[in-house]
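Input: a single structure, listed below in structure tokens.
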Amino acid sequence: MIETIEGDRAFPPALAEVARVEFDYDEGEGVDFEPYDAFDSAEETTDWLRHWTGNHALDGDAYRVFGQDGTGGLAALWRVRPGRPLAEQPVVFLGSEGERGVVAASLSDFLWVLADGLGPMEVVEYEQYDPRPNPALTALAERHATTPRRPTRDIVEAARSEFPTFSEDIDALCR
């Protein structure tokens with residue numbers, strides 16, 4: 010079940026617009042990303058996180074899931090900055106086989122990653138961030154981004170520098 014409600018579960022307009030873009034998988038050479046048009050429900054997120062970590066005492070309140078890759082790995086806003094709006098929270102990827110990583114420090118930076126022709130799974134799985142600019146996503150980022158355009162490598166390095174223990178913190182949640 011997907012829900013759209015007010016407050017910190019309200020779907021940001023930029024993500025609603027991303028959901029209307031078709032991502033070309035291109036036989037594994039493109040972007041493996043299927044954006045949602047609303048966040049997963051709190052119950053769905055909690056259920057997924059409990060099964061993914063093996064820790065059935067967790068709740069998924071720290072995450073707002075907004076998309077997935079073809080294997081079921083999830084892209085989410087990670088509510089780690091207390092009191093800050095969702096658009097200022099980092100974007101993370103939690104893969105179906107345990108892969109995980111910080112993709113961007115904010116929704117704005119994530120829009121620039123998408124504009125470079127990369128998705129959350131590609132950023133976490135691969136070391137090479139060869140840009141393949143997407144005109145539709147570039148225009149979308151130009152309309153919604155509040156941060157300047159930078160190369161994906163710079164965006165990812167800044168986000169990972171700000172949140173260097175994300176993977177270890179996830180490990181601590183497991184079982």
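Per the working numbering, the very first residue in the sequence shown carries number 10; after that it's consecutive.
Virtual Cβ for every residue (Gly too), placed ideally from N, Cα, C.
In this text the structure is predicted, and so the values were computed from the model without any measurement.
Tell me whether the beta-carbon of residue i lies closer than 7 angstroms to the beta-carbon of residue j.
i: arginine 62; j: cysteine 183; result: The sequence shown places threonine at residue 62, not arginine. In contact: threonine 62 and cysteine 183 (Cβ atoms closer than 7 angstroms).
i: alanine 124; j: alanine 168; result: no
For residue i, which of helix, strand or coil comes out of DSSP?
i: leucine 116; result: helix
i: leucine 127; result: coil
i: alanine 8; result: In this structure the chain extends from 10 to 184, so residue 8 is not present and cannot be described.
i: glutamate 97; result: helix
i: arginine 159; result: coil
Going along the chain, which residues of its own chain have a beta-carbon closer than 7 angstroms to the beta-carbon of residue i, five neighbours each way excluded?
i: glutamate 97; result: Arg90, Ser115
i: leucine 120; result: Ala23, Leu149, Ala150, His153, Ala154
i: glutamate 134; result: Glu108
Excluding the 5 residues preceding and the 5 following residue i in the sequence, name in chain order all residues of the same chain whose CB lies nearer than 6 angstroms to its CB.
i: aspartate 118; result: Thr156, Ile164
With a threshold of 16 other CB atoms inside 10 Å of the CB of residue i, please say whether the residue is buried or exposed.
i: arginine 29; result: exposed
i: proline 44; result: buried
Which same chain residues, not among the five before or five after residue i, have their C-beta less than 8 angstroms away from its C-beta?
i: leucine 95; result: Asp17, Ala19, Pro21, Arg73, Leu86, Arg88, Leu116
(message) Quick test of the definition: if touching needs 3 or more C-beta pairs under 8 angstroms, does the region 75-83 touch the region 91-108?
(response) yes
(request) Please confirm if the region 42-58 is in contact with the region 67-75, defined as three or more CB-CB distances below 8 angstroms between the two stretches. (result) yes
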